[in-house]
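Worksheet: one structure, shown below.
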Amino acid sequence: MTIKAIIRINDTTDFLFTAQPQFSWQLVGGVNTLYQTDYTLVLAADPECRQVLWQTTRHTSQSLAIRLPAAQLQPATRYYARVRVQTNQGSTDWSAPVSWADPRTAWQAAWIRPEVTAVGGPKGQRRPFIAQKTFTLTEPLAGRAILRLSALGLYHAQLNGRDVGADYFRPGFTDYDQRVQYQSGDVTDLLCQGTNVLTIEVTAGWYSGLYGWWGARGLFGDTNALIGQLEINGRVVVATDDSWTEWVGPRQYADFYNGEAYDARVQKQQVGHMLLFPHSRAVLVPQEGPSVRVVEKITPRRLFRDPAGDLVLDLGQNIAGWVAFRNRHVAAPGVVTLTYGEVLDQAGNFFRENLRGADAQDTYRLAPNDGQTYQPRFTYHGFRYVRLTGFTDAVTAADFTGIAISSLHRQTGTFTTDQPAVNQLQSNITWSQRGNFVEIPTDCPQRDERAGWTADAQVFMPTANFNADTQFFIRRWLRDFLPSQQAQDGALPVVIPDILRGGFNGTSGVWGDAAVLIPWALYCTYGDLQILQEQYASMRAWVDYVRRQGTVAGLYDTGAQLGDWLALDTPAGSYHGATDQNFVATAFFAWSTAVVAQTARLLGDVPAAQDYTQLDDTIRKAIQQTYLNGIVPKKDTQTANVLLLQCGLVPAAERPAVARHLADLIRANGHHLDTGFAGAPYLCPVLSANGQTETAYDLLFQDDYPSWLYEVKQGATTMWEHWDGIKPDGSFWSSDMNSFNHYAYGSIGQWLYETVAGIRAQRPGYQWSVIAPQPDPQRRLHHVRASIATAFGLLGSEWTLSAAGTFSLTVTVPANTTAQVVLPQGAGEEEMVQAATAGQAQFTDGTLHGRSVDSFGVPFTEPVPADAEAYAVPAGALGFTVGSGTYTFSYPVQ
930 MTIKAIIRIN DTTDFLFTAQ PQFSWQLVGG VNTLYQTDYT LVLAADPECR
980 QVLWQTTRHT SQSLAIRLPA AQLQPATRYY ARVRVQTNQG STDWSAPVSW
1030 ADPRTAWQAA WIRPEVTAVG GPKGQRRPFI AQKTFTLTEP LAGRAILRLS
1080 ALGLYHAQLN GRDVGADYFR PGFTDYDQRV QYQSGDVTDL LCQGTNVLTI
1130 EVTAGWYSGL YGWWGARGLF GDTNALIGQL EINGRVVVAT DDSWTEWVGP
1180 RQYADFYNGE AYDARVQKQQ VGHMLLFPHS RAVLVPQEGP SVRVVEKITP
1230 RRLFRDPAGD LVLDLGQNIA GWVAFRNRHV AAPGVVTLTY GEVLDQAGNF
1280 FRENLRGADA QDTYRLAPND GQTYQPRFTY HGFRYVRLTG FTDAVTAADF
1330 TGIAISSLHR QTGTFTTDQP AVNQLQSNIT WSQRGNFVEI PTDCPQRDER
1380 AGWTADAQVF MPTANFNADT QFFIRRWLRD FLPSQQAQDG ALPVVIPDIL
1430 RGGFNGTSGV WGDAAVLIPW ALYCTYGDLQ ILQEQYASMR AWVDYVRRQG
1480 TVAGLYDTGA QLGDWLALDT PAGSYHGATD QNFVATAFFA WSTAVVAQTA
1530 RLLGDVPAAQ DYTQLDDTIR KAIQQTYLNG IVPKKDTQTA NVLLLQCGLV
1580 PAAERPAVAR HLADLIRANG HHLDTGFAGA PYLCPVLSAN GQTETAYDLL
1630 FQDDYPSWLY EVKQGATTMW EHWDGIKPDG SFWSSDMNSF NHYAYGSIGQ
1680 WLYETVAGIR AQRPGYQWSV IAPQPDPQRR LHHVRASIAT AFGLLGSEWT
1730 LSAAGTFSLT VTVPANTTAQ VVLPQGAGEE EMVQAATAGQ AQFTDGTLHG
1780 RSVDSFGVPF TEPVPADAEA YAVPAGALGF TVGSGTYTFS YPVQ
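Our numbering applies: residue 930 is where the sequence shown begins, and numbers increase by one.
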């Protein structure tokens, strides 16, 4: 069978602009146990790869996160790369090439600002300005034309009346004091010989617009500005300067919280000239991660009148985005409003009070029934329902389309079962991730907040990495960590970018631990050691900050700790949970310190590894002396016991006893959880890892309040901020802080993938993986199918449990990887061994109650590293190793 190599650059096969290309490739074809022994990578200047600029051949199985020597790449240059792979089954042909262009450039353009600044909205919103340049190309265009743009604010460019790119909210959201991204786009096909017109509309956005629940404006600056240049074959032919003209158009204002106003009757008109703006170009950096795009268009479920008489559109799905509509049934005088909300109230009426200060309303003044489609450009909303005014009775749901946006362009994970409620839970998790991964990982997309809360992202990151390709999205966000820490003695603000400027308690355990645990989660998923190299200073800065805070060495018992946020065992009037807040902070301190010690070892920093290992020991002793009576927390809560297990705070021999005690607490609470942000993410994983899988499944299948499926039963299509966002009687928890699209509690998704389906990476990047499903002992699930698209290919697990008691497991292992398969305990040892041998004729490394069995070969020329954690095969299970391929194993379990 022919073997083929498919090369990717920065996780895509599409052309892109990047100054930091990294390559991976997949092998397809061949037969089972296919692996790489050598590769040859070529860098070239032409699509056919004849003009070779650099070439290397390596004897290795490594095929992800491959980089070129920096000296090989020049600014403003287009490159091509291809690979040929030698395998144990023969050589591939050369792969099809990937192409990219280095976006670095010598800036000749200047920052420019408008001469006229007009107020356009009811809350002081500035009217967007349009910068325009008319220029002439006297000769037919030969070669490539590249347009580079950025703004202090948001911009949208058109060249000769056609959009430049399909992305939204450019240049993106970073800490603008440190870095402002610029985008490069190939506009060759948009230019013409003769007169050309470049128009760029700019609005306030995150830079100077309304941002923050306290009503702040101008967090990064008061003046919106623009910079850009058009290069043809590397020569700058147009650049922003004071020769550009200033215009205004139909857009009256645009605001993330309050929405957008558009008057189609207004013609674009010149109001002045652009002025030079003295702002540094040193902050400009090439695009570092994915932009916001439309990811799905949704047909509304229904259009109805609520009991209050309002005309309401129901998408059937809570999303981040907006509604587009066709102007066919607009009543005179042509003014329509679309007001966005997430839920209906107890009486079935449109409800928006939980949006707090966000108006979330788009307004249009139109020439009635012009047949055009209208939608906003510089705002988005979190919603399922839209209240409509200004339409005639002839309007129908078909006149509207829901537009869902996200910075996540590629879904990588799938998880389905035979239980619709569990499938809806998974859907809710993925939709919340989509709607909150918009330039930064936000807490919620609807109210007057939408900030980059660090704990939310920290607890959710392992789940996020299963569901979608998050790598470059999150790495961009992480670059804003260290500058903010340097301004606060190593403390990580609770929100990044730091719009709070050190306010709101400055920092807290769990939130600050994002500096350590998010890079580690990325490394474990994507296997790129450079992630840890990039973040090492930030990781150390956080742990070093915390070690200076304790009243006793090893404790983090000072500061305003947020604790187990929104836990249900919280005292009246508190959001912090009943678990000792300083214990929560110190437990995470221990976890982060252990991870930093491991990171130091991986990076070869031996003195630091020794230092943090000693600190880790100090912390654990301090925890034992301060917060525990033996193995029982002095403040004995579900979350306290969860953290003992998750953070490794009790000896291995005591872990089963702690898990049993945790299960007893859950049963005493009516088989319900009462954990918050610090405990809920790890509740099911620590139960299953320590002999209490049945209790974990009890929590999954619980569908009355409080539980994951309670939300599903209440009709949720995304995750809620509060377990009781909607109470059993239909009333709301409150309207003060009650998001219905908040992904943190969706962190159970990690357990669904790793335990229910059994997929986990044992070596960072999935070159060594484990397929070890743990079915429900009560048999409430009969079919589970899951997969993740790794850098090597699709890794999959599918199991069924028949009514007759036969368990069947099908595993799919991508080429150039190895998986340890662990079959759950069956009715008899011999039947399990027979199932394994039927699945593959030869195998080794299998054990069952200490018995050895024959061997599948491990395909690597490189051993599994010593730091790779071994998967402990449970008593009664059968574990063995397989190379690439698809295998099915069936045997009786009763």
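The beta carbon of each residue, even a glycine, is placed where N, CA and C say it ideally should be.
- Here the alpha carbons of residue 1687 and residue 1706 stand approximately 15 angstroms from one another.
- Within the same chain, 1336, 1338 and 1402 come within 6 angstroms of residue 1219 by CB-CB distance, once the 5 residues on both sides are set aside.
- Around the CB of residue 960, fewer than 16 other CB atoms lie within 10 Å, so the residue is classed as exposed.
- Ranked by Cα distance from residue 1227, the first of 1332, 1710, 1633 and 1695 is 1332.
- Between residue 1146 and residue 1155, the CB-CB gap reaches or exceeds 8 angstroms.
- Scanning its chain for C-beta atoms nearer than 6 angstroms, with the 5 sequence neighbours on each side dropped, one finds around residue 1748 the residues 1698, 1700, 1742 and 1811, in chain order.
- One thing to note: residue 1652 has its Cβ no nearer than 8 angstroms to the Cβ of residue 1491.
- Distance from the CA atom of residue 1558 to the CA atom of residue 1764, rounded to whole angstroms, is 47 angstroms.
- DSSP links residue 1192 through a beta bridge to 1294.
- Using a Cβ distance threshold of 8 angstroms, residue 1088 and residue 1116 count as a contacting pair.
- Counting along the chain, no beta strand (DSSP E) covers residue 1421, and no H or E run does either.
- Assignment of beta strand (DSSP E) within the stretch 1035-1123, counting only whole runs of 3 or more residues, yields 1058-1066, 1074-1081, 1083-1088 and 1109-1115 in chain order.
- Residue pairing by DSSP places residue 1125 opposite 1064 in a beta bridge.
- Around the C-beta of residue 1010, 16 or more other C-beta atoms lie within 10 Å, and the residue is accordingly described as buried.
- Excluding five sequence positions before and after residue 1419, the CB atoms of its chain that fall closer than 7 angstroms to its own CB belong to 1470, 1471, 1473 and 1474, given in chain order.
- The continuous stretches of alpha helix (DSSP H) do not include residue 1620, and DSSP gives it neither H nor E.
- Within the same chain, 1030 come within 6 angstroms of residue 1007 by CB-CB distance, once the 5 residues on both sides are set aside.
- The beta carbon of residue 1329 is closer than 6 angstroms to those of 1229, 1242, 1252 and 1254 in its chain, skipping five residues each way along the sequence.
- Assigned with DSSP and collapsed to three states, residue 1029 falls in strand.
- Rounded to whole angstroms, the gap between the alpha carbons of residue 1017 and residue 970 is 18 angstroms.
- Measuring C-alpha to C-alpha distances from residue 1427 to each of 1105, 987, 950 and 1754 identifies 1105 as the nearest.
- Boundaries of the beta strand (DSSP E) around residue 1225: 1222-1227.
- Beta-bridge partners of residue 1714 (DSSP): 1345 and 1727.
- Put simply, the backbone Cα of residue 1282 is about 58 angstroms away from that of residue 973.
- By the 16-neighbour rule on beta-carbons within 10 angstroms, residue 1514 is buried.
- Following the DSSP letters along the chain, one finds residue 1412 in no beta strand (DSSP E) but inside the alpha helix (DSSP H) bounded by residues 1410-1415.
- If you draw a straight line from the Cα of residue 1001 to the Cα of residue 1384, it comes to about 39 angstroms.
- Here residue 1269 is bridged, per DSSP, to 1315.
- The C-alpha of residue 1452 lies about 6 angstroms from the C-alpha of residue 1693.
- Fewer than three Cβ pairs drawn from the stretch 1342-1352 and the stretch 1309-1318 lie within less than 8 angstroms of each other, which leaves the two stretches out of contact.
- The criterion of a C-beta distance shorter than 8 angstroms is satisfied by residue 1595 and residue 1628.
- Shortest Cα-Cα distance from residue 1324 to any of 1231, 1719 and 1222 involves 1231.
- With fewer than 16 neighbouring CB atoms inside 10 Å of its own CB, residue 1143 falls in the exposed class.
- The C-alpha of residue 1817 lies about 15 angstroms from the C-alpha of residue 1716.
- By the neighbour-count criterion, in which a residue is buried when 16 or more other Cβ atoms sit within 10 angstroms of its Cβ, residue 1236 is exposed.
- The alpha-carbon of residue 1076 is positioned some 54 angstroms away from that of residue 1602.
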